[in-house]
Structures are given as C-alpha cells and as structure tokens.
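Report on one structure; see the data block that follows.
In the UniProt record's numbering, the protein residues as written are 1 to 191.
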C-alpha cells in the first residue's frame, strides 16, 4: 500500500513516459502508462489529480501515477506478485481496465494476458496462481457460481444472462447455495 494517495497540482510538462506536476514549491516526476499520458495531452497548465503509488529502493524513488484509482489499486496488487514487478504491472494496467482484468482472471483466460508486451507464459501463470488475492470477495463468489453452472453443462451465454439477474437480486454473495438454486430455477425456465 502506498504512503501517498494522490497528487493534485498543475500539470507542467508531459514527456514520453512521465509527467511533471507542480505543487507550490515542489515538482513531482510521475511515471504514467501510455493511455493516461494521451488523456492528459491537452491539460498542460491545468490542475490535475493523479492517484499515485510510490516505489523506494536503494538507488531511487519512483512515483507511478494513474488517472483512475482502481487502476492504481490493481497496479499495487500486481507489482506485489513475485516475478511481475512495476514495469509489467504498468503494462497490464495500461492494456486492460480493472474490470477487463478481473474478467480475464475469472475466465482463466491466459491467452489474453499473453497479448500484453513483455508477458510470457511463466509470468502469466504466476498471476493466475496469485489470482485469489487479486479478486474482490464478491468476484471470488461469483467465480465459484460461474464454475458450478459451467460444470452443470450451461454455456457462457446462459451463465452471463443469469449472472446479470443474480447481481440485481442479491446485494451480497454470502449464501452461494441459495444463489445457485435461484440460478438453476431461472435457467430451467428458459429451457
């Protein structure tokens, strides 16, 4: 977890992979992903808010920035995985939204992760091994429900439809048995 949450200040300069943001007497060099750099392109001289994650090692202090707080949180989760590190975590967060990434984890879609430059099969497998720590609690239960329905022979389209109904009906995913019974009732009506 980061010591700092965000920086709000004037965007002074944009470089190839970082920006400079000024706060009164200090200027901060903040490393951003390509998509966020593009989004900031027309904001030089404007006040910006950037969610940050700092990295301190023996030689330097790095500040990584994100325009979306959920992206920053995903970055922090990913960089903790042994073998992933900051560069790969930044590439993943730049390539996928947090929602897309969670869907990749839920569906165990390793091929999508392999499309990210610099990610090989070993790193992708490590990410999947650590995935339970990256999925929010509700997502873990949702993943369990999905797997149960797939094992009962329902296809992805049927499961996606019933999951929409489940999210509307159930505020939390505490009682998985009750939710699966509901899903089976809904799916049997469609047959």
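Built from N, CA and C at the ideal position, the CB exists for glycine as well.
Computed from a predicted model, the values in this text were never measured in an experiment.
Where does residue i land, buried or exposed, given buried means 16+ other C-beta within 10 angstroms?
i	result
residue 143	buried
residue 36	buried
residue 188	exposed
residue 77	buried
residue 175	exposed
Classify residue i as helix, strand or coil using the three-state DSSP reduction.
i	result
residue 54	strand
residue 11	strand
residue 171	coil
residue 85	helix
residue 44	coil
residue 96	coil
residue 150	helix
residue 77	helix
residue 155	coil
residue 107	coil
residue 91	helix
Could you work out which residue in the options is closest to residue i when comparing CA atoms only?
i	options	result
residue 73	27, 6, 39	6
residue 29	158, 11, 168	11
residue 15	121, 145, 183, 32	32
residue 68	4, 52, 178	52
residue 27	39, 34, 13, 17	13
residue 83	107, 17, 120	120
Look up residue i in the DSSP assignment and give the residues it is bridged to.
i	result
residue 29	20
residue 6	51
residue 63	54
Just checking my contact of residue i with residue j at CB under 8 angstroms: how many whole Å lie between their CB atoms?
i	j	result
residue 23	residue 45	With 8 angstroms as the limit, residue 23 and residue 45 do not qualify as a contact, their Cβ atoms being about 15 angstroms apart.
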